[in-house]
Amino acid sequence: MVDISVHNLTKFFVIGENLLQGLSFEIQEGECVAILGRNGCGKTTLFNILTGQMDYDDGEVFVNPNKKLGLISQIPKFPMGFTVEDVLRSAFDMIMAAKRKMEALEKEMAKGATEEQLREYDNLVNRFQSGGGYEMDVEVDKICNGLGISPEQRLQEFDSLSGGEKTRVNLARLLLEKTDILLLDEPTNHLDLRSVEWLEGYINAFKGTVLAISHDRYFIDQVADRVIEITDGHAEFYSGNYSFYMDEKQARFDLQMKQYEQEQAKLKQLGYTVERMKGWGINNRTLYRRAMSIQHRMERIRKTEKPKTERTMRATFGEKDFSGDVVFKTKNLSKAFGDRTLFSGVELHVEGGERIAILGDNGTGKSTFIKCLLGEEDFEGKIQFGPTVKWGYLPQIIHFSHPERTLYDTMLYEKNCSPQVARDRLGAFMFSGEDVFKTVGTLSGGEQSRLRLCMLMDEKINLLILDEPTNHLDIASREWVEAAIEEFEGVLLFVSHDRYFIEKFAERIWLLEDGQIRDFKCGYQKYRSIIEHEAAAKPVVTAAPKPKKEKPKGGTKEQDKLIRRLEREIEKQEKLVAEYEPKIDAASADYQELTRLLAEKEEAEMVLLDLMEQWEAAQEG
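Last residue of the sequence shown: 734 (the numbering used here), numbering continuous.
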């Protein structure tokens with residue numbers, strides 16, 4: 114069954130300049146499809162068209178009318194004073210309305226119920242139960258735990274949150290709504306690694322259809338069944354995840370280039386033959402006719418378009434000579450904000466040539482740690498740098514002191530270099546032609562990162578510090594930034610939640626958790642295996658055994674026998690109820706399975722309650 118169909122879709126914002134031009138694709142029920150493309154290619158516009166928020170100029174768009182569709186990039190307005198908890202609970206508005214009607218009917222029926230009221234009440238109960246009303250609290254808790262929404266944050270007013278926090282809460286609300294079709298626009302941008310991994314598990318267990326815009330290459334690898342790349346307003350299809358897409362795209366490029374080169378060689382040879390035969394045919398009409406026939410055949414040859422090659426970086430950093438072994442070391446480094454300690458007693462030692470990733474959940478203090486190193490935050494303890502260390506810093510949010518200047522003028526004034534040197538350095542970072550006359554304030558996030566790296570290149574640094582260098586960048590921009598960093602031979606220290614980037618560069622990992630920094634002298638994959646092994650080795654915490662119930666004294670022989678039998682059945686039923694807990698935890702991302710398990714657990718608990726009541730009655734009697 115087709116859930117989404119787009120045929121020959123055209124959308125333009127300026128007449129004659131189409132953003133989407135003849136875009137066509139189909140999404141089948143249950144598929145998870147990733148949408149790739151450079152920033153500005155029309156991906157978000159496509160989502161706005163699918164949700165009906167934006168009109169289109171030509172073509173056909175179909176979204177299954179029998180399916181509930183949800184869009185993560187769309188953050189609705191909520192009444193003043195709405196807490197995060199209120200926003201999350203708004204996902205259950207329909208079943209809460211049923212609950213309010215149930216409560217009103219209960220009050221009316223207390224005085225005597227009619228058959229009509231009983232039927233209505235029964236319908237409301239069924240509606241409440243089928244909508245997940247009895248599992249509502251469990252669902253909210255599991256989604257919040259998975260996405261890292263703390264109990265404290267759930268009490269905050271929604272309007273007081275940052276844009277990233279609002280996006281995270283809205284994602285949670287969307288998942289709670291049990292939509293059939295999920296449209297996810299950069300869902301991992303504001304999530305830490307733990308939350309991203311949880312979301313991947315949720316999507317992989319999700320029975321509905323997912324269409325995701327993402328530049329997170331690792332995420333696409335984990336969840337995507339198919340990739341659609343939007344290029345020049347058209348769709349290119351790849352029947353696999355990101356790794357398949359990369360291999361297949363290169364194979365298609367190589368094949369097209371081979372066909373192009375073969376055609377060009379053939380056309381060149383034929384052209385040479387035509388010219389010779391025309392010369393020979395001056396006095397020979399037959400040869401001349403043959404030459405013209407070959408020329409007409411050349412014109413009819415289907416010409417393969419020459420595949421476009423991506424511009425590549427030619428960037429090289431002029432590293433400052435480094436003498437000595439120690440780049441920097443910390444002694445008893447501590448940082449707290451009021452009563453909240455981010456880290457304490459940190460002892461670290463960094464030597465030349467190391468590449469270190471700083472990992473940890475959001476709010477653990479990763480960026481604060483970097484600011485301590487840079488002297489932008491006060492701290493307790495000691496940080497000692499080597500005498501020849503010179504660092505360069507690429508912050509998460511980049512600011513330029515003169516955004517009104519062009520790229521060319523920025524290099525001339527801020528780097529004090531000649532016009533030719535300015536052009537050469539900008540060209541090495543893929544700013545050429547008219548690009549150099551763009552004003553800095555109009556640059557995209559990826560372009561700003563490239564310009565800042567370009568400016569750092571001349572500073573002869575030997576310690577490069579990066580804070581989320583790939584955040585909000587499209588895949589092409591990420592690859593360009595990575596190409597520049599790859600050429601850097603000094604010490605690299607970075608904060609990132611981009612696992613593709615981490616895996617590519619990290620040779621040592623610092624994990625910031627519980628106020629400490631754990632030092633893993635290995636790459637990302639080995640680090641992951643260590644963490645997973647530790648998690649598996651942790652003992653399962655079980656509830657303390659319940660004290661044995663004392664046998665009633667002075668009862669009849671039959672009564673004692675009944676009590677002993679009930680105690681055995683109670684013990685057996687308690688074990689049965691307890692067995693549901695790990696099953697429920699494991700099914701947290703599968704709504705249907707979770708609903709079934711919760712219903713079964715509820716039935717088991719009712720049986721247990723009945724047995725306990727029988728046991729109490731037997732004791733008394």
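Yeah, the Cβ is synthetic: ideal placement off N, Cα and C, and Gly gets one too. Only a predicted model underlies this, so the values are computations on that prediction, with no experimental measurement involved.
Enclosing beta strand (DSSP E) for residue i [first to last residue]
| i | result |
| --- | --- |
| Phe633 | 629 to 633 |
| Ser447 | 439 to 450 |
| Tyr351 | 347 to 351 |
| Arg468 | 468 to 472 |
| Tyr506 | 504 to 507 |
| Thr344 | 339 to 344 |
| Gly183 | 182 to 184 |
| Glu173 | 171 to 176 |
Euclidean distance between Cα positions of residue i and residue j
| i | j | result |
| --- | --- | --- |
| Phe332 | Val197 | 27 Å |
| Asn236 | Ile208 | 12 Å |
| Ile341 | Arg402 | 49 Å |
| Lys190 | Arg453 | 32 Å |
| Leu201 | Gln266 | 12 Å |
| Leu576 | Glu144 | 45 Å |
| Gly628 | Gly478 | 9 Å |
| Gln363 | Ser356 | 11 Å |
| Gln638 | Glu620 | 10 Å |
| Glu490 | Lys484 | 6 Å |
| Glu600 | Tyr373 | 32 Å |
| Gly194 | Lys224 | 38 Å |
| Ser352 | Ile140 | 12 Å |
| Phe125 | Phe450 | 51 Å |
| Pro516 | Leu472 | 32 Å |
| Tyr738 | Leu566 | One cannot answer for residue 738 here, as it falls past the ends of the chain, which runs 114 to 734. |
| Phe481 | Gly488 | First, the residue type needs correcting, since residue 481 is Thr and not Phe in the sequence shown. Taking the straight line from one Cα to the other gives about 10 Å. |
| Lys662 | Leu218 | Unreliable placement is indicated for Lys662, whose pLDDT of 40 sits below 50; the coordinate value is still reported in the next sentence. C-alpha separation (whole angstroms): 41 Å. |
| Glu228 | Met719 | 27 Å |
| His409 | Asp548 | 42 Å |
| Ala470 | Leu486 | 15 Å |
Of the residues the options, the one placed nearest residue i, counting alpha carbons only
| i | options | result |
| --- | --- | --- |
| Gln335 | Thr301, Leu201, Gln363 | Thr301 |
| Thr417 | Leu380, Asp438, Trp393, Met405 | Leu380 |
| His462 | Val604, Tyr358, Leu569 | Val604 |
| Glu173 | Gly153, Leu133, Met193 | Leu133 |
| Ala717 | Glu684, Trp728, Ala730, Ala731 | Glu684 |
| Arg232 | Glu600, Tyr247, Met215, Asp587 | Met215 |
| Lys421 | Ala210, Asp345, Gly466 | Asp345 |
| Val439 | Ser447, Leu446, Glu467 | Glu467 |
| Met411 | Gly392, Lys419, Gln382 | Gln382 |
| Arg286 | Arg307, Lys255, Ala535, Ser275 | Lys255 |
| Ala325 | Gln375, Thr157, Ala535 | Thr157 |
| Lys180 | Glu602, Glu572, Lys291 | Lys291 |
| Gly259 | Trp311, Glu592, Ala730, Gly554 | Trp311 |
| Cys257 | Trp728, Arg307, Ala597, Thr501 | Arg307 |
Burial state of residue i, where buried means 16 or more other Cβ atoms lie within 10 Å
| i | result |
| --- | --- |
| Asp206 | exposed |
| Leu122 | buried |
| His303 | buried |
| Ile510 | exposed |
| Gln561 | buried |
| Thr169 | Before going further, note that residue 169 is Tyr rather than Thr in the sequence given. Flag for Tyr169 reads buried. |
| Arg281 | buried |
| Gly245 | buried |
| Leu268 | exposed |
| Thr583 | buried |
| Asp360 | exposed |
| Ser609 | buried |
| Glu252 | buried |
Beta-carbon proximity of residue i to residue j, cut-off 8 Å
| i | j | result |
| --- | --- | --- |
| Val176 | Ile117 | yes |
| Thr322 | Ile294 | yes |
| Val690 | Leu724 | no |
| Leu149 | Ile588 | yes |
| Asn445 | Gly458 | yes |
| Ser590 | Gly540 | no |
| Lys391 | Ala404 | yes |
| Met754 | Glu527 | Missing from the structure shown is residue 754; the chain here goes from 114 to 734 and no further. |
| Arg330 | Tyr640 | no |
| Glu581 | Gly505 | no |
| Leu625 | Leu507 | no |
Extent of the continuous alpha helix (DSSP H) to which residue i belongs
| i | result |
| --- | --- |
| His646 | 637 to 650 |
| Val463 | Segment 453 to 464 is the beta strand (DSSP E) holding Val463; no alpha helix (DSSP H) there. |
| Gly494 | That residue, Gly494, is in no alpha helix (DSSP H); its beta strand (DSSP E) goes 493 to 498. |
| Leu380 | 355 to 393 |
Near the ligand HEM: residue i beta-carbon under 7 Å from a heavy atom
| i | result |
| --- | --- |
| Ala649 | This structure simply doesn't include the ligand HEM, nor any ligand for that matter. |
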